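In the working numbering, the protein residues as written are 142 to 335. Notes follow the structure.
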């Protein structure tokens, strides 16, 4: 049985990689197509697009592993059937049910990898994707607004909000601090986000 598991595992590597790679390429092109208008309008460079795709990779791989497994199973079963190896297995006393065991073991192993990616890497990388999208593609910095906390806006800018109504996107008692060569303090009683 170990020989059979080893044999099917060896046969399934390339079909799995082809399925996974094809899925990742397809989804990457789809994301770039969806953002193409904004990318052209804001003249986003190739390096930033590659960075965006890099941060999307764990998400794409975690979604593509089941596709790769499915393609691999179809490919291997078809190949074994065409080469009459299925018949040879049955002649030597290996049932078709036993032939499922290697696929099950491979699938469980790759499901563990998918679980790890989805639980640990994907959330961290998705925040980086949002940062890259807002900073380079949409050209607006992400700012976390919190009440009674001095928040850094940029290199030399901070702002303070006494009260924030998230539903109406209204800020009360806002103070903007700019320092550097020319220091300035701007205050407002009420600010409405647009």
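We put the CB at the ideal spot given by N, CA and C, even for glycine. Source: prediction; values computed, not measured.
- With respect to residue 169, residue 195 sits apart: the two C-beta atoms are not nearer than 8 Å.
- Counting along the chain, residue 302 sits inside the beta strand (DSSP E) bounded by residues 298 to 306.
- Taking the Cα positions, residue 241 is about 16 Å away from residue 229.
- For the options 171, 176, 287, 151, the alpha carbon positioned closest to that of residue 274 is the one of 176.
- Rounded to the nearest whole angstrom, the C-alpha separation of residue 312 and residue 209 is 49 Å.
- For the 8 Å CB-CB criterion, residue 286 and residue 302 form a contact.
- The beta carbons of residue 244 and residue 214 sit about 5 Å from each other, so the pair counts as a contact at 8 Å.
- Its Cα nearest to that of residue 334, the residue 315 stands out among 325, 315, 326.
- Shortest Cα-Cα distance from residue 288 to any of 272, 310, 268, 297 involves 310.
- Taken in chain order, the whole beta strand (DSSP E) runs of length 3 or more contained in the stretch 176 to 258 number zero.
- An exposed status is given to residue 162, since fewer than 16 other beta-carbon atoms sit within 10 Å of its beta-carbon.
- The beta carbon of residue 201 lies closer than 8 Å to those of 164, 165, 168, 169 in the same chain, with the five residues before and after it left out.
- Setting aside the 5 residues that flank it on each side, residue 205 is surrounded in the same chain by 161, 164, 165, each with a C-beta closer than 7 Å to its C-beta; the list follows chain order.
- Residue 296 and residue 324 have their C-alpha atoms spaced approximately 13 Å apart.
- Residue 279 places its beta carbon less than 8 Å from that of residue 179.
- Shown here, residue 290 sits in coil according to DSSP, grouped into three states, outside any helix or strand.
- Less than 8 Å separates the beta-carbon of residue 153 from that of residue 217.
- Taking the CA atoms as reference points, residue 158 sits about 30 Å from residue 185.
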